[in-house]
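To keep things clear, I will list the structure first and then write my remarks on it.
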């Protein structure tokens with residue numbers, strides 16, 4: 004799981020200094036007490052006093068979100084509501100010009116496809132469908148969103164289903180030992196053959212509300 008730590012590290016000094024303006028804190032031993040954290044395909048030791056926050060990760064331009072604990076009934080209800088909304092034409096993303104394009108399934112993974120059309124040119128067919136994918140993994144409901152080019156539908160769906168079947172929830176303090184991608188509240192157990200991107204933040208509000216590190220990873224295979 005450990006890979007060379009070659010990333011872009013942006014240090015945000017919006018407050019002007021890393022020391023608290025009120026308490027004038029200085030470096031202490033506790034800053035050297037570290038713990039391992041995992042983000043994307045990387046593991047780094049960071050000071051324990053820093054709080055971690057990972058933004059949603061994209062894999063193959065699909066955004067994966069752990070929606071939290073759920074049951075099979077919750078999953079079915081969510082899928083039914085989203086499908087009905089799309090069949091009615093929205094609104095989705097503030098647009099009432101939505102066209103339902105169908106449903107694809109693979110085992111317990113469901114993909115709902117739709118596109119947006121121009122009210123002034125309803126016959127126009129955009130080159131890509133928007134997709135919403137829902138499934139349960141270890142008692143958690145996951146959502147994957149992204150675009151699928153109409154002329155690449157079969158191959159993109161194959162990749163999407165592969166990503167979904169490899170996704171499971173993860174405690175953010177856990178560092179998996181197997182190869183894969185650490186995401187917010189989850190892990191995708193796949194080999195390093197997928198494009199991915201993520202933003203990982205380290206902050207400490209006790210020092211200064213504007214103090215933090217932002218680590219951005221964007222890698223194309």
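In the working numbering, the protein residues as written are 4 to 224.
Idealized CB from N, CA, C, for every residue including glycine.
In the DSSP assignment, residue 207 falls outside any alpha helix (DSSP H), carrying neither H nor E.
Within the segment 113-163, the complete beta strand (DSSP E) runs of at least 3 residues fall at 131-140, 143-152. Closest in C-alpha terms to residue 205, from the list 43, 185, 52, comes 52.
Rounded to the nearest angstrom, the gap between the Cα atoms of residue 106 and residue 115 is 5 Å. Distance from the CA atom of residue 87 to the CA atom of residue 209, rounded to whole angstroms, is 47 Å.
Contact between residue 178 and residue 46 holds, since their C-beta atoms are separated by about 6 Å, short of 8 Å. Every unbroken stretch of the beta strand (DSSP E) spanning 3 or more residues and falling wholly within the segment 31-61 is given here in chain order: 37-42, 45-50, 54-57. The alpha-carbon of residue 42 is positioned some 37 Å away from that of residue 92. Taking 8 Å as the cut-off, the beta carbon of residue 151 is found no closer than this to the beta carbon of residue 67.
If the five residues before and after residue 202 are omitted, its C-beta is found closer than 6 Å to the C-beta atoms of 58, 219, all from its own chain and listed in chain order.
Under the criterion of beta carbons closer than 8 Å, residue 188 and residue 81 do not qualify as touching, at roughly 17 Å. In this structure, 99 is the residue among 197, 113, 99, 109 with its C-alpha nearest to the C-alpha of residue 125. When 157, 181, 176 are compared, the shortest CA-CA separation from residue 131 is found for 157.
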